[in-house]
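Asks:
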Amino acid sequence: MAAKRRRKKNQSFIKKAALMTVPVCFALMIIGHYASDKALKAEATEILPGVSVNGVSLSNLERQDGIKRLAQLADEISSQAVEIVYNGVGHSVTLGQLGLTMDNEETIDQALELGKQLGLIRRWQAQLHPVERNLQPVIYLDSEKVHQVLQGICGTMEQKAVNARLAITAGDQVVVEPSQDGYFIDENLFSSQLIERIQNNQSLKLDLPVKVEQPEITAGDIRSWGVIGLVGTFTTSFNAQQTNRTHNIATAAEALDGLLVKPGETVSFNTVVGPRGAEEGYKPANVIVGNKLEEDWGGGVCQVSTTLYNAILLADLDVKERSSHSLPVSYVPVGRDAAVAYGVLDFKFLNNSGSYLLIKTAVQGNGVTVKVFGNDSVKRSVQINSWITETVEPKKIYKIDPAVAPGQPKLVQQGAEGYKVAAERVVLEGDKEIAREPLPASYYQPVEEIVAVNNETEIPRPEAAKPHQPSDQSSTRAGESTGEETPARGSNQQGESTGQQPPAVNTDLN
Numbered sequence: 035m036a037a038k039r040r041r042k043k044n045q046s047f048i049k050k051a052a053l054m055t056v057p058v059c060f061a062l063m064i065i066g067h068y069a070s071d072k073a074l075k076a077e078a079t080e081i082l083p084g085v086s087v088n089g090v091s092l093s094n095l096e097r098q099d100g101i102k103r104l105a106q107l108a109d110e111i112s113s114q115a116v117e118i119v120y121n122g123v124g125h126s127v128t129l130g131q132l133g134l135t136m137d138n139e140e141t142i143d144q145a146l147e148l149g150k151q152l153g154l155i156r157r158w159q160a161q162l163h164p165v166e167r168n169l170q171p172v173i174y175l176d177s178e179k180v181h182q183v184l185q186g187i188c189g190t191m192e193q194k195a196v197n198a199r200l201a202i203t204a205g206d207q208v209v210v211e212p213s214q215d216g217y218f219i220d221e222n223l224f225s226s227q228l229i230e231r232i233q234n235n236q237s238l239k240l241d242l243p244v245k246v247e248q249p250e251i252t253a254g255d256i257r258s259w260g261v262i263g264l265v266g267t268f269t270t271s272f273n274a275q276q277t278n279r280t281h282n283i284a285t286a287a288e289a290l291d292g293l294l295v296k297p298g299e300t301v302s303f304n305t306v307v308g309p310r311g312a313e314e315g316y317k318p319a320n321v322i323v324g325n326k327l328e329e330d331w332g333g334g335v336c337q338v339s340t341t342l343y344n345a346i347l348l349a350d351l352d353v354k355e356r357s358s359h360s361l362p363v364s365y366v367p368v369g370r371d372a373a374v375a376y377g378v379l380d381f382k383f384l385n386n387s388g389s390y391l392l393i394k395t396a397v398q399g400n401g402v403t404v405k406v407f408g409n410d411s412v413k414r415s416v417q418i419n420s421w422i423t424e425t426v427e428p429k430k431i432y433k434i435d436p437a438v439a440p441g442q443p444k445l446v447q448q449g450a451e452g453y454k455v456a457a458e459r460v461v462l463e464g465d466k467e468i469a470r471e472p473l474p475a476s477y478y479q480p481v482e483e484i485v486a487v488n489n490e491t492e493i494p495r496p497e498a499a500k501p502h503q504p505s506d507q508s509s510t511r512a513g514e515s516t517g518e519e520t521p522a523r524g525s526n527q528q529g530e531s532t533g534q535q536p537p538a539v540n541t542d543l544n
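Structure follows, in structure tokens:
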């Protein structure tokens, strides 16, 4: 009997448990269906519950509704005031004046992405148990408006860094002008700091960030270059009434002025001065072409290269490339000119001094001067000697011209002798010679003598050739055309050859 009662009791319990389980399962199914539906729906279009931007709730909003709600937030933020402090003084502007733009679509997409990153179960959990998440809005500032506002506050404060520089006084003293730091508003840093404060709901009062720009060259850098005094100078004269030629001389000299040459650097005149055409500001003037004068662009530039050549010689620097003119020129002794033609002839020198060099030029009145500044601690003087080694007689050419009266030959072109010239440089320390070196040789072509006659019978028959007799000049060395002994390193005087010189063409040439 007892066993029977226990069996009936168990059956009753099972029935009751079954009756209780059915509604619980049904409830769980309902909840699961709801959560699943919400989770799937959230994955597609809705923002998770608990998500906000700058405190503005976006819970369960679809994309377009969220964008509309953020538009109100953007208007509120744009009207907020920003206090910009500069030199202890506050300047108030609105975020709208700084061109604030809130990217509502990108912000909402980031909010939706929170749900897409969760799995199904976690999305169910997010629906049942929301987690508070406050997102930062995506914000931009208009860089042009930021620039205008900040320039209006302190635009006069900004200045570029100024490098230290070498300067030369009227008395040829070398001075170092100090560098200056540059100051400018760091607009990028200002914008990033302000955006961060907006996104984190922080105070919109901030100091204006000012950035210091260091100069590239300081006074210490320049002092280490070793430019302390004048080491060589030379001046040549020209006819200032030849306005085009004078203009070209000044233009080329200006291109050289201020040239800084590093130790071991080779300087090309053509590279520094550049082409000499109309586009570069040059004018037509006489130049030597072959053994004739012709008008061409840049006539007169060779006088600048020649003046530089002599200053380089007196500074005891190495000459790497130099050519003489085809005719002697009047502004320097023979053997001391330096012809240049862009792309054809160049003048080059090497800075073998061990220190930096500064080239300064000046055109005043009827003279052009080139000065070389460097390390003048070693007191030396330089003497330039040049002399004619051979005189070349000109040819005499006869041309028939019926317009010439019979028996009355007419001189059409005056002939001129040519010359072969040698030169040397002598370096002295006090009275002691420490170096003597040959300089580039020169050859000046003879100019043909041209005579017009009436007919062929008036042309003299050629005489038998006579053996060449060297002139007195060809047997003369130093002393015939000697360079005046002049200090180079440690002095600002220039050397001049004072010996006998051959006739030169007029100064109105290159």
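Take the sequence shown: its letters are residues 35 to 544, numbered as in the working numbering.
Glycine included, C-beta positions come from ideal geometry on N, C-alpha and C.
1) Which partner residues does M191 have in the DSSP bridge list?
2) What did DSSP end up calling D241 once you bin it into helix, strand or coil?
3) Who pairs with A475 in a beta bridge, going by DSSP?
4) Going by DSSP, which residues form a beta bridge with W331?
5) State yes or no: is the C-beta of P474 within less than 7 Å of the C-beta of R356?
6) Looking only at its own chain, which residues have a Cβ that is under 7 Å from the Cβ of V208, when we skip the five neighbours before and after it?
7) Give the DSSP-derived three-state secondary structure of G186 in the structure shown.
8) On the criterion of 16 or more Cβ atoms from any shown chain inside 10 Å, does L445 qualify as buried, or is it exposed?
9) Under 7 Å Cβ to Cβ from L146, same chain only, skipping five residues before and after it: list those, please.
10) Pick helix, strand or coil for S213, following the three-state DSSP scheme.
11) So within the region 324-404, which uninterrupted beta strand (DSSP E) runs reach at least 3 residues, ignoring any that extend past its ends?
12) With which residues is H125 paired in a DSSP beta bridge?
13) Could you check which residue in A274, V374 and Y217 has the C-alpha nearest to that of V246?
14) For S258, does the three-state DSSP call read helix, strand or coil?
15) Consult DSSP for E96 and reduce its assignment to one of helix, strand or coil.
16) Name the two residues that bound the continuous beta strand (DSSP E) containing R459.
17) Would the region 235-246 count as touching the region 108-127 if we require 3 or more Cβ pairs under 8 Å?
18) Find the nearest neighbour of Q144 within the set N273, T128, Q170 and P164, judged by alpha-carbon distance.
19) Alpha carbon to alpha carbon, how far is K382 from A219? Give it in angstroms, no decimals.
20) Under a three-way DSSP split, which group does S112 fall into?
21) Contact between the region 126-134 and the region 166-182: three or more CB pairs below 8 Å?
22) Given this structure, state the Cα-to-Cα distance separating A105 from L92, to the nearest angstrom.
23) Looking only at DSSP bridge pairs, what is I407 linked to?
24) For L391, count neighbouring Cβ atoms within 10 angstroms of its own Cβ and tell me buried if that reaches 16, exposed if not.
25) Quick test of your reading: N344 and F268, contact by CB under 8 Å. State the CB separation rounded to the nearest angstrom.
Replies: Considering the structure as presented:
1) Translated into positions along the sequence shown, residue 191 becomes position 157. None; M191 has no bridge partner.
2) As a working mapping, residue 241 is identified with position 207 in the sequence shown. The answer is strand: DSSP assigns D241 an E or B state.
3) Counting from 1 along the sequence shown, the entry for residue 475 is found at position 441. Paired residues: none, contrary to the question.
4) Residue numbering aside, residue 331 sits at position 297 when the sequence shown is read from its first letter. Bridge partners of W331 according to DSSP: P318.
5) Taking the first residue of the sequence shown as 1, we reach residue 474 at position 440. Taking the first residue of the sequence shown as 1, we reach residue 356 at position 322. Judged by their CB atoms, P474 and R356 are nearer to each other than the 7 Å cut-off.
6) Numbered from 1 along the sequence shown, position 174 holds the residue referred to as residue 208. Excluding residues within five positions, the ones whose Cβ falls inside 7 Å are L200, I202, V261, I262, G263 and F407.
7) By 1-based counting over the sequence shown, the position of residue 186 is 152. Reduced to three states, the DSSP call for G186 is helix.
8) Here the question's residue 445 lines up with position 411 in the sequence shown. Result: exposed.
9) To locate residue 146, count along the sequence shown from 1; it is residue 112. Excluding residues within five positions, the ones whose Cβ falls inside 7 Å are I81 and R97.
10) As a first step, residue 213 must be located in the sequence shown, where it is residue number 179. Correct three-state label for S213: coil.
11) Segments of the beta strand (DSSP E) lying fully in the region 324-404: 326-331, 352-355, 382-384 and 391-398.
12) Your numbering for residue 125 matches position 91 in the sequence shown. I118, per the DSSP bridge assignment.
13) Numbered from 1 along the sequence shown, position 212 holds the residue referred to as residue 246. Closest option to V246, Cα to Cα, is Y217.
14) Position 224 of the sequence shown holds residue 258. Residue state, collapsed to three classes: coil.
15) On the sequence shown, residue 96 is found 62 positions in, with the first residue counted as 1. Note: E96 maps to strand in three-state DSSP.
16) As a first step, residue 459 must be located in the sequence shown, where it is residue number 425. Element bounds for R459: G452 to E463.
17) Yes, they touch.
18) Counted from its first residue, the sequence shown places residue 144 at position 110. Residue nearest to Q144 within the set N273, T128, Q170 and P164 is Q170 (criterion: CA-CA distance).
19) The residue given as residue 219 occupies position 185 in the sequence shown. The residue given as residue 382 occupies position 348 in the sequence shown. It should be pointed out that residue 219 corresponds to Ile in this sequence rather than to Ala. The straight-line gap from Cα to Cα measures roughly 46 Å.
20) The count along the sequence shown starts at 1 and reaches residue 112 at position 78. S112: helix per DSSP, three-state reduction.
21) yes
22) On the sequence shown, residue 105 is found 71 positions in, with the first residue counted as 1. On the sequence shown, residue 92 is found 58 positions in, with the first residue counted as 1. Distance between the alpha carbons of A105 and L92: 12 Å.
23) As a working mapping, residue 407 is identified with position 373 in the sequence shown. According to the sequence displayed, residue 407 carries Phe and not Ile. Answer is L264 and L392, bridged to F407.
24) Within the sequence shown, numbered from 1, the residue matching residue 391 stands at position 357. Per the 10 Å Cβ criterion, buried.
25) Here the question's residue 344 lines up with position 310 in the sequence shown. Here the question's residue 268 lines up with position 234 in the sequence shown. Indeed they touch by this definition, with Cβ atoms about 4 Å apart.
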